[in-house]
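Asks: Keeping their order, the protein sequence lines are chains A and B.
Count the first sequence with the working numbering and you get residues 1 to 244, in order.
Count the second sequence with the working numbering and you get residues 1001 to 1305, in order.
Backbone N, C-alpha and C fix where the C-beta goes; we use that ideal spot for every residue, glycine too.
Model, not experiment: these values are computed from the prediction.
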Amino acid sequence: MIELIDVSYDVTEDNSDISILRDINIKIDERFVAITGPNGGGKSTLARLIAGIIKPTKGKILLDGKDITDMSITDRAKLGITYAFQQPVRFKGITVSDLIRLASGKDISVSDACVYLSEVGLCARDYINREVNASLSGGELKRIEIAMALARSTKLTVFDEPEAGIDLWSFQNLIQVFEKMHEKIQGSIIIISHQERILDIADRIIVIADGKVTAEGDKDSILPEMLNATGDCRFIRDPECARV
Amino acid sequence: MDSIQKNLLEAVAGFHEIPAGAYNIRANGKTDSRNTTATIDIVSKKDKQGIDIIIKPGTKNESVHIPVLLSESGLEEMVYNDFHIGDDCDVTIIAGCGIHNGGDKASRHDGIHSFFVGRNSHVRYIEKHYGQGDGMGEKIMNPTTVVELQSGSFMEMDTVQIKGVDSTERVTRAKLGDDAKLVIKEKIMTHGKQTAKTSFTVDMDGEGSSTDVVSRSVAKDDSHQIFYSQINGNNKCSGHTECDAIIIDNASVSAIPEITANHIDASLIHEAAIGKIAGEQLIKLMTLGLTEKEAEEQIISGFLK
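(1) Can you check the segment 190–226 of chain A for any beta strand (DSSP E) of at least 3 residues that lies completely inside it and give the ranges in chain order?
(2) Closer than 9 angstroms, CB to CB, is F1303 (chain B) near chain A or not?
(3) For D83 (chain A), go through chain B and note every residue whose CB falls closer than 8 angstroms to its CB, in chain order.
(4) Could you name the residues of the segment 27–60 of chain A whose beta carbon sits closer than 9 angstroms to any beta carbon of chain B, in the order they occur along the chain?
(5) Looking at S188 (chain A) and F91 (chain A), is the spacing between their C-beta atoms short of 9 angstroms?
(6) Any Cβ of chain A within less than 9 angstroms of the Cβ of D1244 (chain B)?
(7) Would you decide whether M1157 (chain B) is buried or exposed? Buried here means 16 or more other CB atoms lie within 10 Å of its CB.
(8) Compare the Cα-Cα distances from F159 (chain A) to each of A:D167, A:Q172 and A:F178 and report the closest residue.
(9) Give the residues from the segment 93–106 of chain A that approach chain B closer than 7 angstroms (Cβ to any Cβ), ordered along the chain.
(10) So, A113 (chain A) versus S135 (chain A), is the Cβ gap smaller than 9 angstroms?
(11) Take every Cβ of the segment 1218–1228 of chain B, pair it with every Cβ of the segment 1183–1198 of chain B, and state whether three or more of those distances are shorter than 8 angstroms.
(12) Report yes or no: do the segment 141–150 of chain A and the segment 113–132 of chain A share at least 3 C-beta pairs separated by less than 8 angstroms?
(13) Can you name the residues of chain A whose CB is closer than 8 angstroms to the CB of T1241 (chain B)?
(14) Under three-state DSSP, which class holds I236 (chain A)?
(15) Label P224 (chain A) either buried or exposed according to how many other C-beta atoms from any shown protein chain fall within 10 Å of its C-beta, with 16 as the threshold for buried.
(16) Name the DSSP bridge partner or partners of K1197 (chain B)?
(17) Select from the segment 1038–1071 of chain B all residues with a C-beta closer than 8 angstroms to any C-beta belonging to chain A, and list them in chain order.
(18) Could you spell out the range, first to last residue, of the beta strand (DSSP E) harbouring M1189 (chain B)?
(19) Is the segment 1210–1218 of chain B in contact with the segment 1246–1264 of chain B, if contact means three or more CB pairs nearer than 8 angstroms?
(20) In the DSSP output, which residue or residues are listed as bridge partners for E1156 (chain B)?
(21) Could you round the C-beta distance between I35 (chain A) and L49 (chain A) to whole angstroms and report it? I think they count as a contact, below 8 angstroms.
(22) Whole angstroms is fine: what's the gap from T214 (chain A)'s alpha carbon to D220 (chain A)'s?
(23) Let me confirm a value: K180 (chain A) is counted as buried when at least 16 other C-beta atoms fall within 10 Å, else exposed. Which label applies?
(24) Go ahead and label L168 (chain A) buried or exposed: buried means 16 or more other beta carbons lie within 10 angstroms of its beta carbon, across all protein chains shown.
(25) Roughly how many angstroms separate the alpha carbons of H1270 (chain B) and I1140 (chain B), rounded to a whole number?
(26) Which same chain residues, not among the five before or five after A1095 (chain B), have their C-beta less than 6 angstroms away from its C-beta?
(27) Measure from the alpha carbon of A1266 (chain B) to the alpha carbon of each residue in B:T1201, B:S1238, B:V1165 and B:E1076, then state which is nearest.
(28) From the DSSP output, in three-state form, read off A242 (chain A) for me.
(29) Using only the alpha-carbon positions, how far apart do V1043 (chain B) and T1172 (chain B) sit?
(30) So E1292 (chain B) is in the beta strand (DSSP E); what residue range does that whole segment cover?
(31) Counting pairs of Cβ atoms below 8 angstroms between the segment 60–70 of chain A and the segment 1273–1293 of chain B, do you hit three or more?
(32) Which bits of chain B does A77 (chain A) rub up against, with CB to CB less than 9 angstroms?
(33) Among the residues of its own chain, which have a CB less than 6 angstroms from the CB of D64 (chain A), if the five just before and after it don't count?
(34) Where does E1271 (chain B) sit, in a helix, a strand or coil, going by DSSP?
(35) When the distance is taken between beta carbons, is N1234 (chain B) closer than 9 angstroms to D1212 (chain B)?
(36) Give a yes or no on whether the minimum CB-CB distance between P162 (chain A) and chain B is below 9 angstroms.
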């Protein structure tokens, strides 16, 4: 169970403080929770706070009741937090099989590593010895990123927009990966997503907008609200503006 | 051969004992052992230190090992090895130099390897350099490689210097005939106060010739590296040179690529990139449970793989 208590995150730019997240209070112990909301609302910042890449300006983060607020990225990973990046990292010389092996934390065989690749729809034979470099497309990197999360299989996994960079047709297949994880998972999965099909399978949806939790609940209560919301932009609402 | 020499042999040639095929093991300035085959002859030079390796035309799938071991502190030598490779061959040549310096005097091996590669032959040349020993004496290696590729021949050169060499100046010069191809992959890691200077000159004289010169290097601590590469396109040809370096601590690296097209159909590219390890690479590996140091090691070993 991950718990954020009064968590805020500010950054300083041009000598003024900008608030990215304000007084976030979230407790997650369900198997599958989706976080959604407009771009720039602070969702990825929340994921980075959980993984320990950034530290909150204020507040506490607890994992199974243990205060991890000041813990390093490495120690949090060892405790069982996995973070699948929105924009996967490229390396030079490090292969897909190296990353899967490092993710699993043990000296797994090539055939074991291949199982994870197959699960995310990659032909293992074609990819296992490929370098994780610029020769891989964005969509291929995202799948490898998800395969690494599967290989880690920790008690908390945070996926930051797994659909981003994956074409619509491939995403149809990928959704099955998450459906399967939903069935099998022992711990919790948090998915930051805009995809209705991901939100559909979530036990709970949390909406983050403008640095705050603006709504949370099951999909029946959240989705209609999301679909109606157009925000405060008068250019969308005002028919006069829309004609300009 | 004593145990120190055996360890050096393992580090540079990957074996403890006698290899298969032709070989010439040189230890502390003298020939330790030698084997020739029906198609590969090895002859000591009469006028200077070194050997001639003569590979008969049509020799296929054979290898030659010519490791050099120095375990005597203060030994300095200059060795000339000439490789005469006939037409239509396909051979692998494994050279390497290991220095163990437990004393206070500098140990130095300067080697000049000249390759005369016949028509339509394929040569794979692997060279590993390695230094060890706790003495204050420097371990110095200055290899020069001269390559002449006749028409249709192809040479791949993999050179590695990962550890323990205090000072090195590596010079490679090549001339390519029609449709000849030269691919060079160099890997260097320096640490402490080591220096490494490497320079490549490739003259693509033949029509349809091509070259790819790629250097990957890691400079740590206070070490310094300089990479020069000069590719001259003197005919219809294609050339690519790339230097990719990671710097850590107070190390410094200079990359000086130079490409010259002397022919309208010469197509040449150079790339050079130097920088520290990308922060996001470290973070990614740390989210897999590695410490920052372990992550750095993984990134470097992948980079130099």
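Replies: The relevant details are as follows:
(1) Those beta strand (DSSP E) runs which fall completely within the segment 190–226 of chain A and span 3+ residues are 204–209 and 212–217.
(2) Under the Cβ criterion of 9 angstroms, F1303 (chain B) is counted among the residues facing chain A.
(3) For clarity, residue 83 (chain A) is Tyr in the given sequence; the question names Asp instead. Per Cβ cutoff of 8 angstroms: T1287.
(4) Listed by position, the residues of the segment 27–60 of chain A near chain B (Cβ gap below 9 angstroms) are A51, G52 and I53.
(5) No; because the gap between Cβ atoms is not below 9 angstroms, this pair is not in contact.
(6) With 9 angstroms as the cut-off, D1244 (chain B) counts as an interface residue toward chain A.
(7) It counts as buried.
(8) Taking only the C-alpha atoms, the option nearest F159 (chain A) is A:F178.
(9) For the segment 93–106 of chain A, which is checked against every Cβ of chain B, the residues closer than 7 angstroms are G93, I94, D98, L102, A103 and G105.
(10) No.
(11) The segment 1218–1228 of chain B vs the segment 1183–1198 of chain B: in contact.
(12) Look at the beta carbons and you see the segment 141–150 of chain A touching the segment 113–132 of chain A: at least three pairs across the two are nearer than 8 angstroms.
(13) Under the 8 angstroms cutoff, chain A gives no residues; its nearest Cβ is about 17 angstroms from T1241 (chain B).
(14) Interpretation of I236 (chain A) is limited by its pLDDT of 49, a score under 50 that renders its predicted location unreliable; the figure taken from the coordinates is listed afterwards. I236 (chain A): helix per DSSP, three-state reduction.
(15) By the neighbour-count rule (16 or more Cβ atoms within 10 Å), P224 (chain A) is not buried but exposed.
(16) Beta-bridge pairing by DSSP links K1197 (chain B) to B:E1169 and B:I1226.
(17) Those residues of the segment 1038–1071 of chain B that come within reach of chain A (Cβ to Cβ, closer than 8 angstroms) do not exist; the list is empty.
(18) Note, M1189 (chain B): beta strand (DSSP E), K1181 to T1190.
(19) The segment 1210–1218 of chain B is in contact with the segment 1246–1264 of chain B.
(20) Residue pairing by DSSP places E1156 (chain B) opposite B:R1124 and B:V1183 in a beta bridge.
(21) The Cβ separation is near 12 angstroms, so there is no contact.
(22) One Cα belongs to T214 (chain A), the other to D220 (chain A), and the distance between them is close to 16 angstroms.
(23) Classification of K180 (chain A): exposed, given that the 10 Å Cβ count is below 16.
(24) With fewer than 16 other CB atoms across the displayed protein chains lying within 10 angstroms of its CB, L168 (chain A) is exposed.
(25) Answer to the nearest angstrom: the Cα atoms are 30 angstroms apart.
(26) Cβ neighbours of A1095 (chain B) beyond the five flanking positions: I1066 and E1127.
(27) Ranking the options by Cα distance to A1266 (chain B), first place goes to B:S1238.
(28) A caution first: A242 (chain A) carries a pLDDT of 49, below 50, which makes its placement in the model unreliable, though a value can still be read off. Three-state result, A242 (chain A): helix.
(29) As the crow flies, the alpha-carbon of V1043 (chain B) is around 24 angstroms from that of T1172 (chain B).
(30) Note, E1292 (chain B): premise wrong, no beta strand (DSSP E); alpha helix (DSSP H) at E1292 to F1303.
(31) Because the criterion of three Cβ pairs below 8 angstroms is not met, the segment 60–70 of chain A and the segment 1273–1293 of chain B do not touch.
(32) Simply M1286, T1287, L1288, G1289 and L1290.
(33) Hits under 6 angstroms: M1.
(34) Correct three-state label for E1271 (chain B): strand.
(35) No, Cβ-Cβ distance for D1212 (chain B) and N1234 (chain B) is not below 9 angstroms.
(36) No, P162 (chain A) lies away from the interface with chain B (no Cβ there is under 9 angstroms from its Cβ).
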